[in-house]
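The sequence shown runs -19 to -1, 1 to 557 under mature numbering (1 follows the signal peptide of the UniProt record, and there is no 0).
Ideal placement from N, C-alpha and C gives every residue a C-beta, glycine not left out.
Keep in mind the model is a prediction, meaning the values are calculated, not measured.
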Amino acid sequence: MKKLILVLTLAGFVFTAFAQQQYTTLFESSGGTATPAYTDVMAYYEKLAEDFSEVQLKKMGKTDSGKPLHLVILDKKGSFDPESWRSDGRLVVFVNNGIHPGEPVGIDASMMYLRDILQGKENWEEDMVLALIPVYNIGGHLNRNSTTRVNQEGPKAHGFRGNARNYDLNRDFIKTDTENSKSFQEIFQWLQPHVFIDTHTSNGADYQHVMTLIETQHNMLGGAAGKYMYEKLTPGLFSQMKERGSPLAPYVNVWGDVPENGWSQFKDSPRYSSGYASLFHTISYVPEAHMLKTYRQRVESMYKLFQSYTTVFERDMEEIVTAVEADREAAKNQESFNFNYQIVKENPVKIDFLGYESGHKASEVSGEPRLFYDRNKPFEAAVDFYDTYSPSLSIKKPNYYVIPQGWLKVVENLRRNQVHMKSVKADFTISVTAYYITDFKTLQKPYEGHYLHSNVQVRKTSQEVSLRAGDWLVPMDQPANDFIMEVLEPQGEDSYFAWNYFDTILQSKEGYSAYVFEDLAAEYLSQNPGLKEELEKKKAADPDFAKDGSAQLRWVYEHSPWKEKEHMRYPIFRVD
């Protein structure tokens, strides 16, 4: 009998050791120095999905690399159905890894954390659902090298920031140039997560913290979710991480200065993953592991952060779900929406910061003074952190937006983001508010494949426009109202206008020959004495204009019926 017990005990040890070995990650077997190639990441998740019924691995869409984008779902109740999650009031957590594959800490931490949940080493309540993208930027991950993260300590090999078409995917969540972004939006809208986490590694200053954290800007998120995140969830994460021996700091958003002088919170505008998510009232975080810590330290700290999230989620899951869902419902009836937030450089909060003293010494390259941090001189200090933003623009929503059917990419983007639209069934004429673009600035160098517009100024006018069967009406009584306003109001910093969707309206398509128009202009002025008077006033007020016959002729043309209405007219109309 004793021999039988001994044999069974040894068999149990062998089975446990085998189970542990078959789920050992490359990160672990390499002593924390390596991260797996894409095929190995996917093989790992395929094995977990095969061996554990609580896990599914789903193909969810295309990427620019040609490979499909996968989603891993942990659902201990086994429904794997977002509709049932919502009806049961379950908390949905969405993690995105590898958007910048040179920063793969989340890839490794997620593999180990999911495994440890499945093996009972980590807790995960059955009323919580975990969905994660193993590698988002597959093209960048396949571009494996050891050199393109020059500021970073390990791993031995890693991916590249640009995707298969050299896009930075963390600037593509509104403009949607890539197949990756389209697939992400479909996944996000399918999941409708309450919390979103996008894992990264930092650039910038040197300091003692292994992990820093961007929380989506709480004023921009607003509502019950913004209040809860700012007052409870984020402080809870800071407390948990301190207990686990890896104290957090807010993302050290310092450029051209040193951290001890304080800094402002990073503004995650909608082009970024977390800013996009906040448009749908999702609480969002971007953990940034410190690039100068060892790869082992960075991954272990990310793992501890996952543990910390889980602890707070288990404590507050009902409060999180209630807050987020309440904000989504309230958005339907919200009347005014805020845009273009600016930092408030008053009343900073004090944060505990663990830094290194900095100084300057002669560069061995140029001989000029250069910045350095002295790791032999650590310090702890309370520094100023500015985390309040205020909108510079507020716009009342219309009853409807009107989208002519020719703007197909706009329609496709809205549809992908679960925006409800009504198709016009027959031709008719309608009174609308139209914007004319009166001024804007444009980047002189390309940014992510675009010459981005900013500082947009508009003039409103009431017009009668003819709609055709097949045009679209967008009713403004939807949970997606924040997203709709952000992309369709041209003054939004990440609007579709800002991202060049409508640049064809900025060029006049018709004109005149001066020798022909001279006679028409003279006749038109004689028939419109009020306009003639305006012209004379402008000449009197502007000596240069008074001496410029061509400018005067152009002015008459601009104020005449021959001037095309489409030039500078924003083609999306409002029904107020």
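**Request:** Can you have a look at alanine 343 and say buried or exposed, based on whether 16 or more other CB atoms are within 10 angstroms of its CB?
**Result:** Start at 1 with the first residue of the sequence shown, and residue 343 comes out as number 362. Classification for alanine 343: exposed.
**Request:** For valine 497, count neighbouring C-beta atoms within 10 Å of its own C-beta (all shown protein chains included) and say buried if the count is 16 or more, exposed if not.
**Result:** Here the question's residue 497 lines up with position 516 in the sequence shown. It counts as exposed.
**Message:** Tell me which residues share the same chain as methionine 402 and place their Cβ nearer than 6 Å to its Cβ, disregarding the 5 neighbours each side in the sequence.
**Reply:** Here residue 402 is taken as the residue at index 421 of the sequence shown, counted from 1. Around methionine 402: Trp453, Val455.
**Message:** Using only the alpha-carbon positions, how far apart do glutamate 545 and glutamate 491 sit?
**Reply:** Translated into positions along the sequence shown, residue 545 becomes position 564. Translated into positions along the sequence shown, residue 491 becomes position 510. In this model, glutamate 545 and glutamate 491 are separated by some 7 Å (Cα to Cα).
**Asked** Can you name the residues that DSSP bridges to histidine 181?
**Response** Residue 181 sits at position 200 when you count from the first residue of the sequence shown. Per DSSP, Glu269.
**Asked** Hey, quick one: how far does the beta strand (DSSP E) through glutamine 488 stretch, first residue to last?
**Response** As a working mapping, residue 488 is identified with position 507 in the sequence shown. Note, glutamine 488: premise wrong, no beta strand (DSSP E); not H, not E.
**Prompt:** What separation, rounded to the nearest whole angstrom, lies between the Cα atoms of glycine 226 and leucine 335?
**Reply:** Reading the sequence shown from its first residue, position 245 is the one you call residue 226. Reading the sequence shown from its first residue, position 354 is the one you call residue 335. When only Cα atoms are considered, glycine 226 and leucine 335 end up about 13 Å apart.
**Message:** Give me, in chain order, the residues of the same chain whose beta-carbon lies closer than 8 Å to that of serine 375; leave out the 5 immediate sequence neighbours on both sides.
**Reply:** For the purposes of this step, residue 375 is identified with residue 394 of the sequence shown, where counting begins at 1. Within the same chain, serine 375 has close Cβ partners Ser317, Phe318, Asn319, Phe320.
**Asked** By the 10 Å Cβ neighbour count, where 16 or more other Cβ atoms means buried, how is arginine 296 classified, buried or exposed?
**Response** Here residue 296 corresponds to residue number 315 of the sequence shown, with the count starting at 1. Arginine 296 counts as exposed, since fewer than 16 other C-beta atoms from the protein chains shown sit within 10 angstroms of its C-beta.
**Request:** Find out if the Cβ-Cβ distance for the pair leucine 111, leucine 150 is shorter than 7 Å.
**Result:** Within the sequence shown, residue 111 is the residue found at index 130, counting from 1. Within the sequence shown, residue 150 is the residue found at index 169, counting from 1. Cβ atoms of leucine 111 and leucine 150: not closer than 7 Å.
**Message:** Measuring only the C-alpha atoms, how far is valine 267 from methionine 222?
**Reply:** As a position in the sequence shown, residue 267 is number 286, starting the count at 1. As a position in the sequence shown, residue 222 is number 241, starting the count at 1. The straight-line gap from Cα to Cα measures roughly 15 Å.
**Item:** Rounded distance between the beta-carbons of valine 191 and histidine 271, thought under 8 Å
**Value:** Here residue 271 corresponds to residue number 290 of the sequence shown, with the count starting at 1. Here residue 191 corresponds to residue number 210 of the sequence shown, with the count starting at 1. Between valine 191 and histidine 271 the Cβ distance is about 6 Å, and since that is below 8 Å, they are a contact.
**DSSP bridge partner residues for serine 317 (one or two, in chain order)** = As a working mapping, residue 317 is identified with position 336 in the sequence shown. Answer is Lys377.
**DSSP-derived helix/strand/coil call for glutamate 445** = Locating residue 445 in the sequence shown gives position 464, counting from the first residue. If DSSP states are grouped into helix, strand and coil, glutamate 445 belongs with the strands.
**Prompt:** Which class does phenylalanine -2 belong to by DSSP, given the choice of helix, strand or coil?
**Reply:** For the purposes of this step, residue -2 is identified with residue 18 of the sequence shown, where counting begins at 1. Any answer about phenylalanine -2 is weak, because its pLDDT of 48 lies below 50 and its placement is not dependable; what the coordinates show is given next. In this structure, phenylalanine -2 counts as helix in the three-state DSSP scheme.
**Item:** Length of the line joining the Cα atoms of glutamine 315 and aspartate 89
**Value:** Position 334 of the sequence shown, counting from 1, holds the residue named residue 315. Position 108 of the sequence shown, counting from 1, holds the residue named residue 89. Computed Cα separation, rounded: 41 Å.
**Message:** With a threshold of 7 Å on Cβ separation, who are the neighbours of lysine 406 within its own chain once the five nearest residues in sequence on each side are excluded?
**Reply:** Counted from its first residue, the sequence shown places residue 406 at position 425. Excluding residues within five positions, the ones whose Cβ falls inside 7 Å are Ala450.
**Asked** What does a CB cutoff of less than 8 Å around glycine 83 pick up in its chain, not counting 5 residues either side in sequence?
**Response** Counting from one through the sequence shown, the residue named residue 83 turns up at place 102. Excluding positions up to five away in sequence, the list reads Gly121, Thr129, Arg130, Gln133, His139, Gly140, Phe141, Arg142, Thr182.
**Item:** Three-state secondary structure assigned by DSSP to phenylalanine 33
**Value:** Along the sequence shown, one-based indexing puts residue 33 at 52. Phenylalanine 33: coil per DSSP, three-state reduction.
**Item:** 6 Å CB neighbourhood of arginine 309 in its chain, flanking five on each side removed
**Value:** In the sequence shown, residue 309 corresponds to position 328, counting from 1. Closer than 6 Å at Cβ, skipping near neighbours: His262, Pro460.
**Asked** Excluding the five sequence neighbours on either side, which residues of its own chain have a C-beta within less than 7 Å of the C-beta of asparagine 78, listed in chain order?
**Response** For the purposes of this step, residue 78 is taken as the residue at position 97 of the sequence shown. So the list reads Gly87, Ile88, Ser91, Leu113, Ile114, Pro115, Val116, Tyr117, Thr180, once near-sequence residues are dropped.
**Message:** Output needed for glutamate 539: all residues of its chain with C-beta closer than 8 Å, excluding positions within five of it in sequence on either side, in chain order.
**Reply:** What you label residue 539 is simply residue 558 of the sequence shown in a count that begins at 1. The answer is none, since no qualifying residue turns up.
**Asked** How is glutamine 323 classed by DSSP in three states: helix, strand or coil?
**Response** As a position in the sequence shown, residue 323 is number 342, starting the count at 1. Residue state, collapsed to three classes: strand.
**Request:** Check the C-beta distance from isoleucine 155 over to tryptophan 480 and give it rounded, since I have them as a contact under 8 Å.
**Result:** Position 174 of the sequence shown, counted from the start, is the residue given in the question as residue 155. Position 499 of the sequence shown, counted from the start, is the residue given in the question as residue 480. Contact annotation, isoleucine 155 with tryptophan 480: C-beta distance approximately 7 Å; criterion of less than 8 Å satisfied.
**Prompt:** When the Cβ atoms of the stretch 66 to 73 are set against those of the stretch 11 to 24, are three or more pairs found closer than 8 Å?
**Reply:** Here the stretch 66 to 73 makes no contact with the stretch 11 to 24; the two share fewer than three CB pairs at distances below 8 Å.
**Simplified DSSP state of glutamate 545, which is helix, strand or coil** = Translated into the one-based positions of the sequence shown, residue 545 becomes position 564. In the structure shown, glutamate 545 falls within a coil segment according to DSSP collapsed to helix, strand and coil.
**Asked** Does the Cβ-Cβ distance between asparagine 398 and glutamine 166 come in under 7 Å?
**Response** Along the sequence shown, one-based indexing puts residue 398 at 417. Along the sequence shown, one-based indexing puts residue 166 at 185. Going by C-beta atoms, asparagine 398 is nearer than 7 Å to glutamine 166.
**Item:** glutamine 288 versus leucine 99 - alpha carbon distance
**Value:** Along the sequence shown, one-based indexing puts residue 288 at 307. Along the sequence shown, one-based indexing puts residue 99 at 118. Here the C-alpha atom of glutamine 288 lies approximately 14 Å from the C-alpha atom of leucine 99.
**Item:** Element boundaries [beta strand (DSSP E), containing proline 359]
**Value:** Position 378 of the sequence shown, counted from the first residue, corresponds to residue 359. Here the beta strand (DSSP E) through proline 359 covers 350 to 367.
**Request:** Run through the stretch 235 to 283 for me and flag every whole beta strand (DSSP E) of 3 or more residues, listed as ranges in chain order.
**Result:** With a minimum length of 3 residues, the continuous beta strand (DSSP E) runs that stay inside the stretch 235 to 283 are 264 to 270.
**Asked** Per DSSP, what kind of secondary structure is lysine 513 in: helix, strand or coil?
**Response** Taking the sequence shown and counting its residues from 1, the one referred to as residue 513 is at position 532. Lysine 513 falls in the helix class under three-state DSSP.
**Prompt:** Using the rule of at least 16 other Cβ atoms within 10 Å of the residue's Cβ for burial, across every protein chain shown, is alanine 495 buried or exposed?
**Reply:** The residue you call residue 495 lines up with position 514 of the sequence shown. Alanine 495 is exposed by the Cβ-count criterion.
**Request:** Quick one: residues in its chain with C-beta nearer than 6 Å to the C-beta of lysine 39, no 5 flanking neighbours on either side, listed in chain order?
**Result:** The residue given as residue 39 occupies position 58 in the sequence shown. Result list for lysine 39: Leu52, in chain order.
**Item:** The beta strand (DSSP E) enclosing arginine 555, as first and last residue numbers
**Value:** On the sequence shown, position 574 is the one that residue 555 refers to. Where arginine 555 is concerned, the enclosing beta strand (DSSP E) starts and stops at 554 to 556.
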